[in-house]
Structures are given as structure tokens and as C-alpha cells.
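Chains as they are written, first to last, in the working numbering: chain A, 1 to 469; chain B, 470 to 938. In this text, a Cβ means the ideal position worked out from N, Cα and C, and glycines have one as well. Note that this is a predicted model, so its numbers are computed, not measured. Structure first, commentary second.
2 protein chains.
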Amino acid sequence: MTPEVSASLLLDLYELTMADAYRREGIADRRATFSLFVRSLPPEWGYLVAAGLQDCLSWLQGLHFTASDLVAIDQFKIFHPDFLDWLSELRFTGSVRAVPEGSIVFAGEPLLEVEGPIAEAQLAETYLLNQMTLQTTLATEAARCRHAAQGRAVMDFALRRVPGTDAGMKLARCCRLVGLDGTSNVAGAARYGVAPSGTMAHSFVQAHADETEAFRAYARAFKEATVLLVDTYDTPLGIERAIQVAGEMRAQGIELHGVRLDSGDLGPLSSLARRRLDEAGFPGMTVFVSGGLDEYKIDDLVERQRAPIDGFGVGTSLGAAGGAPTLDSVYKLVSFGDRPVRKTSTGKATWPAAKQVWRRTDWSGDLLALADETPPGDCYRPLLEPVMHSGRPRSRGQGDLAEASALFEREWLALPGPLKRLRTPALHPVQPSAALLHLTATLGSGQPGPGAGEQQSRLRADRTRSASD
Amino acid sequence: MTPEVSASLLLDLYELTMADAYRREGIADRRATFSLFVRSLPPEWGYLVAAGLQDCLSWLQGLHFTASDLVAIDQFKIFHPDFLDWLSELRFTGSVRAVPEGSIVFAGEPLLEVEGPIAEAQLAETYLLNQMTLQTTLATEAARCRHAAQGRAVMDFALRRVPGTDAGMKLARCCRLVGLDGTSNVAGAARYGVAPSGTMAHSFVQAHADETEAFRAYARAFKEATVLLVDTYDTPLGIERAIQVAGEMRAQGIELHGVRLDSGDLGPLSSLARRRLDEAGFPGMTVFVSGGLDEYKIDDLVERQRAPIDGFGVGTSLGAAGGAPTLDSVYKLVSFGDRPVRKTSTGKATWPAAKQVWRRTDWSGDLLALADETPPGDCYRPLLEPVMHSGRPRSRGQGDLAEASALFEREWLALPGPLKRLRTPALHPVQPSAALLHLTATLGSGQPGPGAGEQQSRLRADRTRSASD
């Protein structure tokens, strides 16, 4: 009734029908290059943090259709048995060039390029888009929250609201990647080496006849790690009760960690909590807040209200759920055989050919060039590097995430402030190389649709500010 | 470095710290009831389609911490070994009452209630919220698209854009639940018995030197199942080429299935495609559209433009990603021991005690009552039913999804039109029973915070229209 199928079936049906058509034409093995990139950034986003590559490489390396998979496909009654035979032998034998995880990238720049037999490279489209889009969205959103918090702690509290368990786990991984301070997700903390974070829910307070008794019970159990949730009934009263219990614990030689506010007007309430804790002799106790936070609310609390908050627990808005922008990511054929190709659909035109992105070492701009162009000079570094060759990853082993995290820290330090802005960020200039423009014009002349300049101007949209303004 | 952990660790850290605190207090086994509900509906949503229960019951039934899980938790250095011993023995022994999957529910109505030892029932919070929120969002969004299409086919094309693989699979399941016509997700189609859907990508056209050659190659391979994607270069020209190939195939006795448009102004372009296909003698060929569709765009094409479209492929907006509303779902302690409890935080007050929802059989309103109240009368039916007892599901076996799907069809037929509206839907009245109001007032008087009427008035928000307007 419900056959168990492998992760290799995480693809759109048309990847299979096209593979079959290529096979029948005898061109399934002809080499193709696909480029995965984000067409344009969400209006308020000035950059992307590339993420998801490791899962993509694992999927490619593991690609094969099990007997159960083939039975499931056969039951669709769409394909001939000789296609299923062909599928049963299929492995990914292509190569991948990619921007390392943790890199900063911009609209129109390939996050990865897949080169290989067209049928294999085409099959990878759905999974690669799914994971690169998800993880790049999560990593970028997390980085924006980190920026808004200006050095205060940011914790991922999103597992309950993130769309599904895969997104929840990948979010924990992205927390590690972009240096957030913790996650509430126990599986994610364990799997990816993020600090686990969290103390008590309102239900814990409600389960006790009295708020003070609830605080005492928790403090007895967790001592110095105790953060008391003070807003179950009445926040000012909750703060006083927390102070009372903190005093009782101090008498036993134990200093509590802090309090958390999860509702109400967090600016004034955090000021009240800070003032009362200080007055009562607990300047070392911290004030955490949570509840409907996103990067804009964090920024408002930190920058405008100067609220005395030590840490933020962020839920929904870290989770790529409603409200988070959807990345306009695509996986486009850019060459086939010895022929560079491009799509010219209205509003969806693409650059042809395998590419390299060259970044000026002073971050003043990027050059989108053909992959085989001569390096533009010493003041540029290339972003895409070979990560898989003939189906085998150029493995860096278990250290991948730590390495990606270290790379992100270097990128984050170098990323110009105007690009980090939460609203109306500066536009990082991404210019096509002369050779790319020339090739595009050559192809464009023979086909209908918009000309070569269309994509570049659309990338800019209404965002004509430069990084120096 | 990266230990493999089980799905039982898909929980927030504070579920564990609270369990430990309860254990130390000697009250971990005291019975508690938690209620999972959506506080308020997104502004344009008139109803919810309940979904996710089966996965929740499976998770509860499988709850146990493996040796690897315990090692991972131990490495946090938060817990004492005696808590880990206690955890190693833990299973879910509680009971669940729930609204069956496929039911229509409204704000404030429990989708499920968990009754059991407080430590166990608390541990389930994160996973249950994650899955019920995700799947109820996906099912409702899918139902709204079905409504907008007014009987035309709707296909899920969202796997590449849905946030992660779990969400992609659950979306395919929801397609089956609410009767969409197909999914592009091969694994989802196989797993949940949904019709697989999809034909060719732009890359297939680009991989051929000539659009007509691409159409011929595909039509030769898939014959009557062929849907030609006509917008890679120039849509009107693509339509003519599709007609040419359809004529060539007809000469061989084969009638092609249709064409698909994926860009541009879909209303006029679909009219052009329909007119040209009819003029050329192919009135049986269908017109499919895709590309940035959601329920509002489908409605505009169907209702306002009267576009001659036979089917819609929907991506992002089915996928609970950006743009889709986030459900304000919560899992609240409503009784502990023999004591009903409620939370009175500002703007987050809740009703106390285990509940039953009674729906008037003419759909004129619901009654939110205490679980142990006398049934209100013959013109009401109860929505929550027992689905798990002492940790064992009241299994209905493999037929669950088919049964849920059949239930949804009955609900969909009965759901009043004004509640189905895509914008400014009517408000379905949900009234607290006299006994619930009385109990709430009793509890409220002894605690600070908003009074008993607060939640009901907030549910209504600005939406004071009735179902009869």
C-alpha cells in the first residue's frame, strides 16, 4: 500500500520523463552543465550565506534506485521496463563546482554548477534546489538576526514552528554555520555541536500551585543554569518572585542565571527587569526575551529602544516559514555538448555557459565570468571550487561544518557594513565579464526574447544604491 | 563527532529540563492534560483542515531514547546520571483525543488533547506542534487552491521550493488528503498514492538545437501523455510548433495531451493557446499553466479572466514557505492533577480544562465545552474522539489516509460557502459553553490578567461578519 522509497526518489516526475526521452534519443550521456543560482534577492536582503552543499553532495553520491523504488516507479504505468533497467544501473558520475558553505554570495551568482551526462545532471535538479534554497534561506535569516543583535546572544527556538523536521535539523546546522549561540532543538544540538538552550515553559509554572514554588523547584534542580520565565501571570510580579527565589538560592551559595520574558512590551519590561534585578543586588543575572521576534524587532529593541537585553530566543522567523522571503532559486541548463545555451523566456532570461565568480579582494564588486576565462588579476579571488569529481566528493571529512563555520566568520568580518543593513541594504555590484557579454550577445541574436543586458538590469531592480553610500 | 540520534530527540531542551524538575519533585507521574490548538486564523483564512495526527501518534508510540540519544544528552553536561536512567525507561503511556484528519476546525478549537503523566505529555509538545502546524497549514493551503480552481485540476509542483524534504513529503500526503489531482514529487506519489504529474522542463527544449525537434523527441517517447512546454523562447511561436508536432503525431494515430505555459501573462496566453489549438483542429488538447501561482492568482484567472485553463501546477505557495501564513498554534497545559489551569499572559490567555468541540449539524456554529459535559443535544456532534489509549493507538491500519480523505470530502461538501471564501471569509461562531465560562471565571478571579471573555473577543478580532452574510 505505502511502499518505502529511498531518498533518490526525492525528485520531480519530469526529471524521469526527460531522462527517458534523452535515453531514447541516444543522448542521455551527452555532457551538460547546469547552474544553480538565485535570480534576485528579497528586497531587504543585501547578501546570501551559501549553505546546503554537504547534503547535496551526499545525495549525489548516494544516488541509486532501489528495487522498491523501481517497483514504485513501475506502478505509475508511465515507463517501459527498459527504462527501469537503465535506471537500476544509474549512478551520479558527474562533477560539481561550488561556492564553499559559509561563503557570501549575491543574486545571479552560481552557488553550484553540475557537469555530467545530461540525464544524471537533470535528475539532481529537484533535490539540489530543495536543499540549497532551504539552507541558504535559513543561514541568511540567522545571520541577519545575529547582525541585529549586535553581539548579544541569539538562540534558535524555532523547532516547533519550522516547517517539518528536516527544516528543523537544517536550521540547527545553520545556527552552527553562522555562529548563533544556541538551539532549543535537542537532536540538532547533538547532531551539529550547537549549544543546547532552554529552561522552562509556562506550563511548568502552571503545574505548580504558586509561581514562587515553581521557581524554587526549578532552581533547586538546575542551580546556576536556572533562567526563570516570569510572564505566566503578571510580569512585574513574576520579576519580584524571581528576585525572592534568587535571594533564597544566594543564601545557599547559588547564583541564578537570569529571567526570561515571553510576552508583552519587551522593551519597557526588560528595562523593568534589569532595574529591579540591579536594585535587588543581582546585577549578574541576565535578561532573556522571546516571543514573535525577528531581525527587525531585535534591531528595534537593541538600536532604538536600547533595551538592556542579554539574549534573544527567535522562533518562527528563523524557520523559513510564513513571513520569511522565498528565494527565487533556479537550476538552469547553461551548456549542452559543446554548445552554450540560455533561456530567453520573458523575465526569466539566463546567462549561458559554465561560470566562475571573481570577487575583488576589497569587496568592491564581483565579476561574473566564463569558467574558462583567464583570471582577471591579482585583486580578484575565485569563489567556485571543485567539490566533486566523477561522482566522488573531494572529501574534507567530518571537519566540513567546522571549516564552513570558520569560513563564514572570515566572510562576516570582511562583508561591508552597508551590505549587512537590515533594510535598504547597499547593492553589491556584480558585473558580467566582456567575454560573457559577448557570448550572450552571439546567442541572443539568433533567438527571440530579451537581450543580454536584461538580467543585469533586473538584478538591480529598484536598488540602485551602491555599497559606498 | 556527529552522533546519530533518534527522532525522539526532536524536542526542545526545556521539555527535558522540566521533566527532570518534575522527577526531582516526585510529580513526574501526576496526570496532566495539554490542549493543542490554533489561537487565531490568518486574516484571509475561514477554516483549517486538520492534518498531521497520524505522524504524531506514530511518534508518541515510538518514543524512547536510544543509547546514542542518552550519550548525546549526557554530553550536554546539564543532567545527572539518574535522570538519564529515568529517561532510558521512558515510554509514552498517555492517551490522546483528537479531531480526525481531514476535519474542518476553527480558531481556539483543540486539534488534539494529550492526557498522561505530565513529564511524558510535556515531552511531546515540540514534535506535535511541529507536525500539526506544518500539515494543517499545507492541507488548508491546498484546499484553498482546490476551491479557487473550481473543479479544474490542481497539481503540487512544490518539492523544489518547499522548506526541506519532510515538508515536501507531507505536502504530497496533504494533496491526497484534500483531493488535489497530482504531485510532481515522485517519492510522495509513491508513498501516498497520489497521481504523479509532470512532463518537461525548459532545459529539455534548450538541450535540442530546435524547439520543434525537442517537441518531436518528447512526443515520440510519451505519446498520448505528452504535454509540451511552449514558453522557452517565444510563447506564440511555441504554440504553433506544438500544433505542428501534434499534427505530425495525429498522422501516426496519436493524440497529444496538451501544452503548458510557465511564464508571461497567463490569462491572454492561455486564451491564445486555446484558440489556436481549436482553430488547428485540436479541441481535445488541454492547456496547463504554472509559474508563481497561488490561490488568489488561480481565482483571478478562473473567476475574473475566465481563462480557458484546464489545470494549474502550484509551487511555492503550496509549500508553507514565504508568503504562506504561519499558524499561531500552541500546546497548553489545561489541567494538572485534579486542578484545571489556565494561562493569563497578556494577549495569550487560554481556556482551562480538557475540552470537547460540539458542532451544530447544520454548520451554524460550534460549542467549545468541557470534555465531561453532558452532550448539548441532537443537533450537535462531537469532533474529538479517542485515538490513543495508554500509549496504544486505536489503530485503523493502512486505511487511515484513505479514510481521512473520504472524511475530508464529506466535510468539504458540508462546509458553507461563505467560510470557503478566499478573502474576507465569514466567521464561524465558536461559543464557549456556560460551564466553561463559569469554570474560567472561577479560576480567573484568583489570578491576575485578562478576564474570561478576552479570548473569545480576540478570536473574532476585526472579523465580525457572520456566515450568513
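1) How would you label A/T424, buried or exposed, when you count the other beta carbons within 10 angstroms and need 16 or more for buried?
2) Quick check: the Cα distance between A/E213 and A/E224, rounded to an integer number of angstroms?
3) Find out if the Cβ-Cβ distance for the pair A/L48, A/T136 is shorter than 8 Å.
4) Would you report the Cα separation of B/C848 and B/P901, rounded to the nearest angstrom?
5) Strictly under 8 Å for the Cβ-Cβ distance: is B/M718 near chain A by that measure?
6) Quick one: using the 10 Å Cβ neighbour count with 16 as the cut-off for buried, is B/A536 buried or exposed?
7) May I ask whether a heavy atom of the ligand ZN can be found less than 7 Å away from the beta carbon of A/D278?
8) Helix, strand or coil for A/L70 per DSSP?
9) Do A/L415 and A/I104 have their CB atoms nearer than 8 Å?
10) According to DSSP, A/L368 sits in a beta bridge with which residue or residues?
11) Along the chain, where does the beta strand (DSSP E) containing B/T595 start, and where does it finish?
12) If contact is defined by three or more beta carbon pairs under 8 Å, each pair taking one atom from either stretch, is the region 54-74 of chain A in contact with the region 379-394 of chain A?
13) Quick check on the burial criterion: 16 or more other C-beta atoms within 10 angstroms. Buried or exposed for B/D734?
14) Using a C-beta cutoff of 8 Å, does A/Q431 count as contacting chain D?
15) What are the boundary residues of the alpha helix (DSSP H) that includes A/A167?
16) Rank A/S290, A/L443, A/G94 and A/L11 by C-alpha distance to the C-alpha of A/T126 and give the top, closest one.
17) What three-state label does DSSP hand B/V728 in the structure shown?
18) Express the C-alpha separation of B/V714 and B/P752 in angstroms, rounding to a whole number.
19) Is there at least one Cβ from chain B nearer than 8 Å to A/Q305's Cβ?
20) Mind checking which residues open and close the beta strand (DSSP E) that includes A/P81?
21) Below 8 Å between beta carbons is the criterion; list the residues of the region 663-674 of chain B that meet it against any residue of chain A, in chain order.
22) May I ask you to list, following chain order, the residues of the region 729-750 of chain B that have a beta carbon less than 7 Å from some beta carbon of chain A?
23) What do you get for A/S445, buried or exposed, if any count of 16 or more other CB atoms within 10 angstroms of its CB means buried?
24) Go ahead and label A/R275 buried or exposed: buried means 16 or more other beta carbons lie within 10 angstroms of its beta carbon, across all protein chains shown.
25) How many angstroms separate the CA atom of B/I708 from the CA atom of B/A742?
26) With a threshold of 8 Å between beta-carbons, can A/V5 be considered close to chain B, or not?
27) Would you say B/I712 reaches chain A, if we count a Cβ-Cβ gap shorter than 8 Å as a contact?
28) Would you report the Cα separation of A/A189 and A/F288, rounded to the nearest angstrom?
29) Measure the C-alpha to C-alpha separation of A/Q61 and B/D543 and round it to an integer number of angstroms.
30) Return helix, strand or coil for A/A107, following the three-state DSSP convention.
31) Would you grab the beta carbon distance between B/V507 and B/S798 for me? Rounded to a whole angstrom, and I think it's under 8 Å.
32) Output the boundary residues of the alpha helix (DSSP H) element that contains B/D869.
33) Given that A/V162 touches chain B, what residues does it touch there, using C-beta distances under 8 Å?
34) Which residue's Cα is closest to the Cα of A/L13: A/A51, A/A187 and A/F76?
35) Taking buried to mean at least 16 other C-beta atoms within 10 Å of its own C-beta, is B/A875 buried or exposed?
36) How about B/G633 and A/N130: do their beta carbons lie closer than 8 Å?
So, to answer that:
1) Its Cβ having fewer than 16 others within 10 Å, A/T424 is exposed.
2) If you take the alpha carbons of A/E213 and A/E224, they lie about 17 Å apart.
3) Remark: C-beta atoms of A/L48 and A/T136 approach each other more closely than 8 Å.
4) Distance between the alpha carbons of B/C848 and B/P901 is about 17 Å.
5) False, the Cβ-Cβ gap to chain A never drops below 8 Å.
6) Residue environment analysis places B/A536 among the exposed positions, since fewer than 16 neighbouring C-beta atoms fall within 10 angstroms of its C-beta.
7) No copy of the ligand ZN appears in this structure; indeed no ligand is present at all.
8) A/L70 falls in the helix class under three-state DSSP.
9) One thing to note: A/L415 has its Cβ within 8 Å of the Cβ of A/I104.
10) The partner list for A/L368 (beta bridge, DSSP) reads A/V357 and A/P432.
11) Per DSSP, B/T595 belongs to no beta strand (DSSP E); it is in the alpha helix (DSSP H), E594 to A618.
12) Under the 8 Å Cβ criterion, the region 379-394 of chain A counts as touching the region 54-74 of chain A, having at least three qualifying pairs.
13) Under this definition B/D734 is an exposed residue.
14) In the structure shown, chain D cannot be found, because the protein chains are A and B.
15) If you look at A/A167, you'll find it in the alpha helix (DSSP H) that goes T165 to L177.
16) The option with the nearest alpha carbon to A/T126 is A/L11.
17) Three-state DSSP puts B/V728 in a strand.
18) Going by C-alpha positions, B/P752 is about 15 Å away from B/V714.
19) It does not; no Cβ of chain B falls within 8 Å.
20) A/P81 -> not in any beta strand (DSSP E); alpha helix (DSSP H) instead, spanning P81 to E89.
21) Those residues of the region 663-674 of chain B that come within reach of chain A (Cβ to Cβ, closer than 8 Å) are P665, S666, G667, T668, M669, A670, H671, S672 and F673.
22) Taking 7 Å as the Cβ-Cβ cut-off, the region 729-750 of chain B approaches chain A at S732 and G733, given in chain order.
23) For A/S445, the pLDDT reaches just 46, beneath the cut-off of 50, and the residue's location in the model is therefore unreliable, although a value from the coordinates is still provided. With fewer than 16 Cβ atoms within 10 Å of its Cβ, A/S445 is classed as exposed.
24) Per the 10 Å Cβ criterion, exposed.
25) Going by the C-alpha atoms only, they are around 6 Å apart.
26) Yes, contact with chain B.
27) No, B/I712 lies away from the interface with chain A (no Cβ there is under 8 Å from its Cβ).
28) Those two C-alpha atoms are separated by around 20 Å.
29) Distance between the alpha carbons of A/Q61 and B/D543: 33 Å.
30) In this structure, A/A107 counts as coil in the three-state DSSP scheme.
31) Rounded to whole angstroms, the Cβ separation of B/V507 and B/S798 is 5 Å, and the two are in contact under 8 Å.
32) Taken as a continuous stretch (DSSP letters only), the alpha helix (DSSP H) holding B/D869 covers D869 to A883.
33) Chain order gives the chain B residues near A/V162 as N599 and P632, where near means a beta carbon separation below 8 Å.
34) Checking every option, the nearest Cα to that of A/L13 belongs to A/F76.
35) Around the C-beta of B/A875, fewer than 16 other C-beta atoms lie within 10 Å, and the residue is accordingly described as exposed.
36) Taking 8 Å as the Cβ cut-off, B/G633 and A/N130 qualify as a contacting pair.
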